[in-house]
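When the count follows this note's numbering, it moves up by one through the sequence shown with no breaks and lands on 1019 for the last residue.
Just so you know, even glycine gets a beta-carbon here, dropped at the ideal spot from N, CA and C.
Since the structure is predicted, the reported quantities are computational estimates derived from the model, not experimental observations.
One structure below.
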Amino acid sequence: MNPKTFKIKSFGCQMNVYDGERMAELLGDQGMVAAADGADADLVVLNTCHIREKAAEKAYSDVGRLRREDGSKPLIALAGCVAQAEGAEARRRSPMIDMVVGPQSYHRLPEMVREAALGGRPVDTDMPAISKFDALPARRRASPSAFLTVQEGCDKFCTYCVVPYTRGAEVSRPWKDVVAEAQALVEGGAREIVLLGQNVNAWEHDGRGLAELIRALAGIDGLERIRYTTSHPTDMSDALIAAHGEVDKLMPYLHLPVQSGSDRILKAMNRSHTTQTYLATIEKMRSAQPNIALSGDFIVGFPGETEEDFEATLQIVDAVRYAAAYSFKYSARPGTPAAVMEGQIPREIMDERLRRLQDRIGQHQLAFNRSKVGADTQILVERKGRRAGQMIGRSPWLQSVHVETGAKPGDLIDVTLVAAGPNSMTGAVRERAAA
Ligand code: 5AD
Ligand code: SF4
């Protein structure tokens, strides 16, 4: 019997969140409806992430937990990057999995569901030349802040990373498709668009780059804010930096992962930048947009990382004064060059370095938040807060701001930031002066 209800569980990055939304739209077009509770859905899609530790094991145990008390189970689709990495092997390892669908083939989900409902066990992890985007339905509804994937895949081959294998080579979506999707999202209620790509700043179409795309999107009426993530330091063009100083709708926030503060480690990671070129880019960005908030990613315990290398990482954190940053313990990914490098670091050392790094990042984050107390700014209201009458929105610097207001999600309101915490801010509504 064909399933009537579905539940999509997305793990990992924002790109998976976007993919999850698109799969929901596809299934909705087939007349299926989202189940209120995952436990009783006829179809469950596990949209998995493969970037770190034991991803596959976690996915299989998540699958196992979908068996219900009466012994029955929903139709199960393994999707996302674990599906891509495991392929047909997934069907062998877990008899509960009915479908395996990679990130480049999920436009085929409806037909795979029909096949599975008839007892088939389809697998599709192809990376077809025809873009899946062309096969997806048009967008209709959007949250106040909506994701829009403009670029996928990666050609950089950092030695620790699985992305070039799971998401394939760098591909940019065509200019007119991106603009049309952005327009549809704004018509569907989006006030902010977050352009997504593994290397979003490598986006390029017909000789035009991300800076030109952003300038064009800024012309869409009703669209108030533009962000993009994740950028690679080597693809940070002067044009994009200049756009930060000139395009008002482009938010003063840049996520620019450096991974390590040690040039020796950056080389072993096959990052194509050094600490010096990275800091020079940050410098240029700060001259173009002094108001910019910077964020980054770090890996501690890459093979061969000495205490001295690690201290260089703490130093770059101090030099940049990040407003936010994400840090991870190195995790050996099968099939990547770093997994077989000498000098793998013991877990206790990684734990200790991660703690020290996160402490340091936390100090800068709090200092950044405190530096914004007293600022008159705007927030985009996104959702209800925990207390009655309280709403949560985002500042231009991507801080979560709690505020007492009758405003609704999607409203852009004037606030003064009145208090700072380590992870969020408090705002007070500012009445506009009578004209
Ligand atoms: N181990 C730990 N962290 C990783 N990342 C990517 N691959 C690994 C790995 N093998 C981190 C990087 C990247 C972020 C998305 O995940 O910091 O920027
Ligand atoms: Fe992975 Fe490096 Fe590509 Fe980022 S740039 S997705 S870390 S290979």
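- For the stretch 862-909, the full-length beta strand (DSSP E) segments reaching 3 residues or more read 877-884 along the chain.
- For Y602, the uninterrupted alpha helix (DSSP H) run begins and ends at Q598 to D613, by DSSP.
- Judged by DSSP secondary structure, R809 falls outside any alpha helix (DSSP H) and instead within the beta strand (DSSP E) spanning R809 to T813.
- Collapsing the DSSP output to three states places E699 in a helix.
- With fewer than 16 other CB atoms across the displayed protein chains lying within 10 angstroms of its CB, N1007 is exposed.
- For V747, the uninterrupted alpha helix (DSSP H) segment begins and ends at V747 to T750.
- If you check the CB distance, L941 and L964 do not come in under 7 angstroms.
- Cβ contact annotation for E788 (same chain, cutoff 7 angstroms, sequence separation greater than five): S756, in chain order.
- Apart from the 5 residues on each side of it in sequence, A786 sits with its Cβ closer than 7 angstroms to the Cβ of Q735, E754, H816 and D819 in its chain, given in chain order.
- Shown here, Y837 sits in a strand according to DSSP, grouped into three states.
- A640 and D624 have their alpha carbons spaced roughly 24 angstroms apart.
- Going by C-alpha positions, V924 is about 32 angstroms away from A908.
- Between A667 and T709 the beta-carbon gap is near 7 angstroms, inside 8 angstroms, which marks them as a contact.
- Sequence-distant Cβ neighbours of A768 in its own chain, meaning closer than 7 angstroms and more than five residues away, are A722 and R723.
- Comparing alpha carbon positions, the residue from S979, R971, T589 and D739 closest to D960 is S979.
- Q668 has its Cβ no nearer than 6 angstroms to any heavy atom of the ligand SF4.
- Here D960 is bridged, per DSSP, to T1000.
- Not a single heavy atom of the ligand SF4 lies less than 6 angstroms from the C-beta of Q688.
- Between A663 and V629, the C-beta gap is smaller than 7 angstroms, which places the two residues in contact.
- With contacts defined by Cβ atoms closer than 7 angstroms, Y812 and V784 form a contacting pair.
- The ligand SF4 never approaches V601 closely enough for any of its heavy atoms to be under 6 angstroms from the residue's Cβ.
- The DSSP-derived three-state label of H828 is helix.
- Those residues whose C-beta sits under 6 angstroms from the nearest heavy atom of the ligand 5AD are, from N- to C-terminal order along the chain, I635, R636, Y744, C745, P841, Q843, D881, I883, F912, Y914, S915 and R917.
- Taking the Cα of G958 as reference, the smallest distance to any Cα among D902, L850 and T1010 is reached at T1010.
- With a cut-off of 6 angstroms, the C-beta of Q735 is classified as distant from the ligand SF4, since no heavy atom of the ligand falls inside that distance.
- In the DSSP secondary-structure assignment, T920 is not bridged to any residue.
- Here the C-alpha atom of A774 lies approximately 29 angstroms from the C-alpha atom of I635.
- For K716, the secondary structure class from DSSP, reduced to helix, strand or coil, is helix.
- Three or more pairs of CB atoms, one per stretch, sit closer than 8 angstroms, so the stretch 821-836 contacts the stretch 791-808.
- Contact check for D682 and L650: beta-carbon distance about 11 angstroms, past the 8 angstroms limit, so the pair fails to qualify.
- For V747, the CB falls within less than 6 angstroms of some heavy atom of the ligand SF4.
- Between L834 and I798, the C-beta spacing is below 7 angstroms.
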